[in-house]
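Chemist:
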Amino acid sequence: MTADTNNYFLCIDLKSFYASVECVERGLDPMTTLLAVADPERTEKTICLAITPAMKALGIKNRCRVFEIPKNIEYIMAVPRMHLYLEYSARIYGVYLKYIAKEDIHVYSVDEAFLDVTHYLRLYNMNAKELGLRIMQDIYETTGIRATCGIGTNLYLCKIALDILAKHSPDFVGALNEARYRRVLWDHRPLTDFWSIGGGTVRRLAQYGIYTMRQVAEAPEELLYRDFGIDAELLIDHAWGRETTTIADIKAFRPASNSLSSGQVLPRDYDWQGGLLLTKEMTELQAQELLSRGLVADSLTLTLGYAKSSGLGYVRGTRTLGRTGATNSAKAIREATEALYREVALAGGPLRRIGVCMNRVRDEVCVQYSFFDDPAELERERARQRAVLYIKDRYGHNAIFQGMDLLDGARTLERNAQIGGHRA
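All letters in the sequence shown, in the order written, are residues 1 to 424 by this note's numbering.
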């Protein structure tokens, strides 16, 4: 790759990560073993978290549902072990640290990371591909996990090199600069192969006869800005292979406001009363998290999603917390939650999704009381919350819980034993 910049970035992805870990733990080769990571206790509609490259070679889609795997294929179904996967991910991060300082590493997900290697090539007397291959080999020798690597002269190009080129390259490495990007991928289809372009964007572009990045680059900018607004700037830059953001910029970014959110997809239809129970469980846990981190929030947003068959879609509402502004009081959050749920929840609707978001989260500087509050009672409540947090921290999340967590349909005890909604 001829350089058109002095910057070099790597994007390293761990091949079929969860499935590869399960194969390594069994002493099997994921390139030849038929294995899918899925929970057998759930229905056949459950999504496979990962499948091995050997299964992909048979034409099976990576994020397929269990029932979509042909019945004539004999394969291993591995129960998800999220804690184990996080342990492997931490070990692999340790491999990165052998070569690159943490300031030049951006962990994108549990199985993918960006590395700014610009200032390391001269140190190791290597080019970007040689360093990428060295790190990939170290990962394999340390954990048994194979990796793919995208190399680019900016963060966008290394991601595209990974997603479109590396995964189909014999050595699992792909490389792009702006000139090669335009030469090799300007006419590539479909557009959804390009990072950050989803089906909605593709459909909107298709209205103007735009189906490739070349056509995006050549389209009148005023047309794109009229349809996509400020997002057109990023779309146009990416069409030309440009990206100015660096890992240093990502690490230096501080959002103007923060939020704390929680959501779950329900395993079955829940009625109005069952939805209220789950919503109260979720906000109770969020109140505990706010207090444990020394944070407060000034409002709560509740989003409820109903079964597709009902045709009801989603409902959403927001409510202020407390009487004096931002708070982490479980009592204030509990009262706001129940009032908001009664306001927006649809009677009789089969509930399948719940999302709760604490808005404008910030550090707790002081505790402010209203004229109607009893400061002594509020302090007793905070002391109880802190005692609960201490017990959970020392003995586990299920060491202490509320009576409502034992009611039929409650999910807190089950979810406390999960990571990311899957078995820990």
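Just so it is clear, CB atoms sit at the ideal spot from N, CA and C, and this is done for glycine as well.
1) Given this structure, state the Cα-to-Cα distance separating Q385 from T318, to the nearest angstrom.
2) How would you label I73, buried or exposed, when you count the other beta carbons within 10 angstroms and need 16 or more for buried?
3) Per DSSP, what kind of secondary structure is A3 in: helix, strand or coil?
4) Which value, in whole angstroms, describes the spacing of the CA atoms of L300 and M282?
5) Please determine, among V202, I51, F9, the residue with the shortest C-alpha to C-alpha distance to L131.
6) Near E343, which residues of its chain fall below 7 angstroms by C-beta distance, leaving aside the five closest residues on each side in sequence?
7) Rounded to whole angstroms, how far is the Cβ of Y85 from the Cβ of V110, which I believe are closer than 8 angstroms?
8) Looking at Q273: is its Cβ nearer than 8 angstroms to the Cβ of I354?
9) Which residue marks the beginning of the alpha helix (DSSP H) containing D408, and which one marks its end?
10) Would you kindly report the start and end of the unbroken alpha helix (DSSP H) that includes A166?
11) Out of A345, A410, M404, S259, which has the shortest C-alpha to C-alpha gap to D363?
12) Who are the Cβ neighbours of L191 in its own chain at under 6 angstroms, not counting the five residues just before and after it?
13) Rounded to whole angstroms, what's the CA-CA distance from H83 to I105? Just pull it up for me.
14) List the whole-angstrom C-beta distance separating N7 from N154, where the pair is believed to meet the contact cut-off of C-beta under 8 angstroms.
15) So, L224 versus L235, is the Cβ gap smaller than 8 angstroms?
16) Between the region 240-253 and the region 332-349, can you find at least three pairs of beta-carbon atoms closer than 8 angstroms?
17) Is K392 closer than 8 angstroms to A383 when the C-beta atoms are compared?
18) Nearest-angstrom Cα distance between V37 and R91?
19) Could you work out which residue in D187, Y156, H188, A147 is closest to L176 when comparing CA atoms only?
Modeler: In terms of the structure at hand:
1) For the purposes of this step, residue 385 is identified with residue 385 of the sequence shown, where counting begins at 1. For the purposes of this step, residue 318 is identified with residue 318 of the sequence shown, where counting begins at 1. Each residue's Cα considered, the two are about 25 angstroms apart.
2) Numbered from its first residue, the sequence shown carries residue 73 at position 73. The residue is exposed, with fewer than 16 neighbouring Cβ atoms inside 10 Å.
3) Working through the sequence shown from its first residue, we reach residue 3 at position 3. In this prediction, A3 has a pLDDT of 43, which is less than 50 and means its spatial position is unreliable; nothing more can be read from the coordinates.
4) As a working note, residue 300 is residue 300 in the sequence shown. As a working note, residue 282 is residue 282 in the sequence shown. CA-CA distance, L300 to M282, rounds to 12 angstroms.
5) Position 131 of the sequence shown, counting from 1, holds the residue named residue 131. The shortest CA-to-CA distance from L131 to any of V202, I51, F9 is the one to F9.
6) Taking the first residue of the sequence shown as position 1, residue 343 is located at position 343. Around E343, the same chain offers G317 as residues with beta carbons nearer than 7 angstroms, after the five sequence neighbours per side are excluded.
7) Along the sequence shown, read from residue 1 onward, the residue named residue 85 stands at position 85. Along the sequence shown, read from residue 1 onward, the residue named residue 110 stands at position 110. Yes, they are in contact, since the Cβ atoms of Y85 and V110 sit about 6 angstroms apart, within 8 angstroms.
8) Taking the first residue of the sequence shown as position 1, residue 273 is located at position 273. Taking the first residue of the sequence shown as position 1, residue 354 is located at position 354. Going by C-beta atoms, Q273 is not nearer than 8 angstroms to I354.
9) Along the sequence shown, read from residue 1 onward, the residue named residue 408 stands at position 408. Taken as a continuous stretch (DSSP letters only), D408 belongs to no alpha helix (DSSP H), as it is neither H nor E.
10) Against the sequence shown, residue 166 aligns to sequence position 166. Where A166 is concerned, there is no enclosing alpha helix (DSSP H), given that its DSSP letter is neither H nor E.
11) Counted from its first residue, the sequence shown places residue 363 at position 363. Answer by Cα proximity: S259.
12) Along the sequence shown, read from residue 1 onward, the residue named residue 191 stands at position 191. Taken in chain order, the residues that qualify are I197, V202.
13) By one-based count along the sequence shown, residue 83 stands at place 83. By one-based count along the sequence shown, residue 105 stands at place 105. Here the alpha carbon of H83 sits roughly 22 angstroms from the alpha carbon of I105.
14) Reading the sequence shown from its first residue, position 7 is the one you call residue 7. Reading the sequence shown from its first residue, position 154 is the one you call residue 154. That belief holds up - the Cβ atoms of N7 and N154 are roughly 7 angstroms apart, short of 8 angstroms.
15) Working through the sequence shown from its first residue, we reach residue 224 at position 224. Working through the sequence shown from its first residue, we reach residue 235 at position 235. Yes, the Cβ-Cβ distance between L224 and L235 is below 8 angstroms.
16) When Cβ pairs closer than 8 angstroms are counted between the two stretches, the region 332-349 is seen not to touch the region 240-253, the count staying below three.
17) As a first step, residue 383 is located in the sequence shown; it is residue number 383 there, counting from the start. As a first step, residue 392 is located in the sequence shown; it is residue number 392 there, counting from the start. A383 places its beta carbon 8 angstroms or farther from that of K392.
18) In the sequence shown, counting from the first residue as 1, residue 37 sits at position 37. In the sequence shown, counting from the first residue as 1, residue 91 sits at position 91. Using only the alpha carbons, I get a separation of about 21 angstroms.
19) The count along the sequence shown starts at 1 and reaches residue 176 at position 176. Comparing Cα-Cα distances from L176 to each of D187, Y156, H188, A147, the minimum goes to Y156.
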